[in-house]
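> Numbering (the numbering used here), first residue to last: 6 to 273. Beta carbons are placed, not taken as given, at the ideal position from N, Cα and C, and that holds for glycine. If you scroll down you'll find the structure; I have some questions about it.
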Amino acid sequence: MPYRTNLGCLWVVLLVLILGGMPLLVGVLRVFLGLVLIVVVLGVAATWWIRRNAVLHYTQTRGERHRAFVEKLVVLLVRLAEIDGDLDRREVTAIRQFFQSDLGYKDEQLLWIRDLIKESRKSTADIEQICAEIRSNYMLQERVIVLQVLARVANADGRVTEAEREYVERIARYLGLEAFIGGFGTSGAGGMPGGQPAASQVDEALATLGLRRGASPDDIKAAWRSLSKENHPDRVTHLGEEFRTLAEERMRKINSAYEILKDVGLAS
């Protein structure tokens with residue numbers, strides 16, 4: 006069978022040469038290549054159109070608060086990545102990786118994030134104004150999630166530079182979260198001998214509850230109760246299921262902080 010196919014092709018070539026010679030053969034090849042190019046271009050255009058419409062459909066199915074929240078969050082992440090200079094491919098990848106690995110984004114969601122990163126690079130919006138809008142339109146839990154995400158991305162490579170630390174602290178001040186910034190520390194201090202938490206862990210636990218040294222047991226208990234209500238995962242359903250995961254993580258940290266403070270006798 007292969008031999009017949011090859012002979013058939015050979016007869017076609019010979020027929021073309023007999024009827025029109027080389028110019029006709031070249032013309033046929035040009036037409037063929039032109040058709041191939043048109044098919045490729047149309048295929049690429051169709052793929053782009055389908056993906057664009059998928060992104061548009063996804064964003065339309067999200068609520069306005071969800072879209073605005075993610076848009077502002079991406080701007081703040083891009084500004085964080087630009088702290089040490091121009092945004093490069095590694096830093097863009099780190100942002101996309103966060104949304105993919107930590108929030109479970111895929112397909113049209115990642116295309117949306119890619120578009121938002123491009124738009125954010127062109128944005129001249131002042132970060133203080135962005136934070137003022139977040140502070141005006143979102144509750145404590147949502148603002149804490151912003152800080153939570155910034156701290157995690159800043160520490161994605163295992164270390165936080167001084168410039169990154171100052172940036173995250175500045176965002177915390179703009180969002181009215183100064184009291185909580187110590188709760189996102191990266192010291193990673195371990196426990197003291199005998200199972201007692203290190204001093205840095207105690208300070209971090211207090212900061213997680215928005216408190217400092219000197220807080221009374223009643224203050225600690227009241228803060229824990231208040232934050233447990235305000236940070237309940239059910240209260241971020243309007244932001245999408247992906248942010249519920251971050252809220253659950255935050256709740257675990259709040260409860261863990263309270264247990265640490267009870268263990269050292271600071272909370273009743």
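Rounded to a whole number of angstroms, what is the C-alpha to C-alpha distance between S261 and A210?
So the alpha carbons of these two residues sit roughly 8 Å apart.
> Do the segment 212-231 and the segment 174-190 make contact, defined as three or more Cβ pairs closer than 8 Å?
With the cut-off at 8 Å, the segment 212-231 and the segment 174-190 touch.
> Where does I88 sit, in a helix, a strand or coil, going by DSSP?
Correct three-state label for I88: coil.
> Is M256 helix, strand or coil when you go by DSSP?
Residue state, collapsed to three classes: helix.
> Assign Y110 to one of three DSSP states: helix, strand, or coil.
Looking at Y110 - three-state DSSP - the assignment turns out to be coil, as it is neither helix nor strand.
> Whose C-beta lies closer than 7 Å to the C-beta of A159 among residues of the same chain, with five residues either side of it excluded?
Here the set comprises L85, V165, E169 and V173.
> Hey, could you find the ends of the alpha helix (DSSP H) D162 is sitting in?
Element bounds for D162: n/a, residue is neither H nor E.
> What are the boundary residues of the alpha helix (DSSP H) that includes P222?
Note, P222: alpha helix (DSSP H), P222 to E235.
> Count the other CB atoms within 10 Å of the CB of K77; is the residue buried (16 or more) or exposed (fewer)?
Flag for K77 reads buried.
> Kindly confirm or deny that the segment 138-153 and the segment 226-239 touch, where touching means at least three C-beta pairs closer than 8 Å.
Touching, per the Cβ criterion.
> How is the alpha helix (DSSP H) around Y179 delimited, first residue to last?
Here the alpha helix (DSSP H) through Y179 covers E167 to Y179.
> For a quick check, are the C-beta atoms of I139 and V151 less than 8 Å apart?
Cβ atoms of I139 and V151: closer than 8 Å.
> Would you mind working out which of P222, L115 and K258 sits nearest G270, comparing C-alpha positions?
The shortest Cα separation from G270 among P222, L115 and K258 belongs to P222.
> Answer yes or no: do Q102 and K111 have a C-beta to C-beta separation smaller than 8 Å?
Contact: no.
> Taking only the alpha-carbon atoms, compute the straight-line gap between S128 and G39 and give it to the nearest angstrom.
Those two C-alpha atoms are separated by around 41 Å.
> Please look up how many angstroms separate the CB atoms of L244 and H71, rounded, as I've assumed it's under 8 Å.
Sure, about 5 Å apart at Cβ, within 8 Å.
> On the criterion of 16 or more Cβ atoms from any shown chain inside 10 Å, does K123 qualify as buried, or is it exposed?
Label assigned to K123: exposed.
> Taking the alpha carbon of A137 as the reference point, which residue from L47, R67, I186 and I176 has its own alpha carbon closest?
The shortest Cα separation from A137 among L47, R67, I186 and I176 belongs to I176.
> For the alpha helix (DSSP H) that contains E133, what are its first and last residues?
I132 to N142 is the extent of the alpha helix (DSSP H) around E133.
> If I measure Cβ to Cβ from G68 and keep anything under 7 Å in the same chain, skipping five residues before and after, which residues do I get?
The answer, listed in chain order, is H243.
> With a threshold of 16 other CB atoms inside 10 Å of the CB of S125, please say whether the residue is buried or exposed.
Label assigned to S125: buried.
> Please name the residue, chosen from V36, L121 and E171, that lies closest to V80 on a Cα-to-Cα basis.
Among V36, L121 and E171, the Cα nearest to that of V80 is on L121.
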